[in-house]
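Shown next, in structure tokens, is the structure this report addresses.
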Amino acid sequence: MKALRLVALLVVAACGKQAAAPQTTVEFSLTQAGDSIPLYLGQEAKVDDVYMVLSDVTNESRCARGVQCVWAGDAVASITVHPPCIKQGCKAASFNLALHTNLEPRSGEGWGHKVQLLALLPEPDINQPIDRSKYVAWVRVTKSQ
Numbered sequence: 017m018k019a020l021r022l023v024a025l026l027v028v029a030a031c032g033k034q035a036a037a038p039q040t041t042v043e044f045s046l047t048q049a050g051d052s053i054p055l056y057l058g059q060e061a062k063v064d065d066v067y068m069v070l071s072d073v074t075n076e077s078r079c080a081r082g083v084q085c086v087w088a089g090d091a092v093a094s095i096t097v098h099p100p101c102i103k104q105g106c107k108a109a110s111f112n113l114a115l116h117t118n119l120e121p122r123s124g125e126g127w128g129h130k131v132q133l134l135a136l137l138p139e140p141d142i143n144q145p146i147d148r149s150k151y152v153a154w155v156r157v158t159k160s161q
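With the first letter of the sequence shown counted as 1, position 44 gets the number 60 in this note's numbering; the numbers rise by one all the way through.
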């Protein structure tokens, strides 16, 4: 099942098509998030009892398709994990995770949940600059041990 989802993800990436980001908070069960879920740039997602958002993508240096590179490069997905009480206006701190595509760390923890970066799309293309609004981080979210 996981392999099938990964193949589907790669097919979408190869076609260069990205789904439009929804405009409301998207809720995922912990079971869904334990496989993989998309975090769209600026879009809030609720997993279990915490909220998270792909807040930025920085240091985009991944090797573009169509280019021969010495190394694969790296990009940093900044994912903010908010506490369960954020919607009630609590002042508890959020966790800001800087997760890498090819370097470490590729995972981090916040509010009792481990977030692992699986993929960051779209990948760079030699003929087309990345439209920042199209960034999607595919992550796996599990309860911390």
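Yeah, the Cβ is synthetic: ideal placement off N, Cα and C, and Gly gets one too.
Euclidean distance between Cα positions of residue i and residue j
i	j	result
M68	C85	33 Å
P145	D65	36 Å
T96	A80	27 Å
P138	R156	18 Å
F44	W154	13 Å
V131	N143	32 Å
C106	W127	14 Å
V73	L57	8 Å
G50	A88	27 Å
C101	N75	32 Å
Integer Cβ distance of residue i from residue j, believed to fall under 8 Å
i	j	result
H3	V92	Outside the shown range of the chain (17 to 161) lies residue 3, about which nothing can therefore be said.
V42	Q59	7 Å
D90	L55	Contact flag wrong, Cβ pair sits at about 18 Å.
R122	L133	5 Å
L46	K159	7 Å
A114	S94	6 Å
Residue span of the beta strand (DSSP E) that contains residue i, given as start and end
i	result
L119	Here L119 belongs to no beta strand (DSSP E), and DSSP marks it neither H nor E.
V69	V66 to T74
V86	Careful: V86 lies outside any beta strand (DSSP E) and carries neither H nor E.
S52	It is not in any beta strand (DSSP E) - S52 carries neither H nor E in the DSSP assignment.
A61	E60 to V63
G126	S123 to G126
S94	V92 to H98
Coarse secondary structure for residue i, derived from DSSP in three states
i	result
T47	helix
A153	strand
K103	helix
D141	strand
Residue i versus the options, residue with shortest Cα-Cα distance
i	options	result
H98	L70, P54 and Y151	L70
G124	L46, L57, F111 and V83	F111
D141	L46, Q104, P100 and S77	S77
T40	K62, Q161 and I53	K62
I53	Q161, L136 and A88	L136
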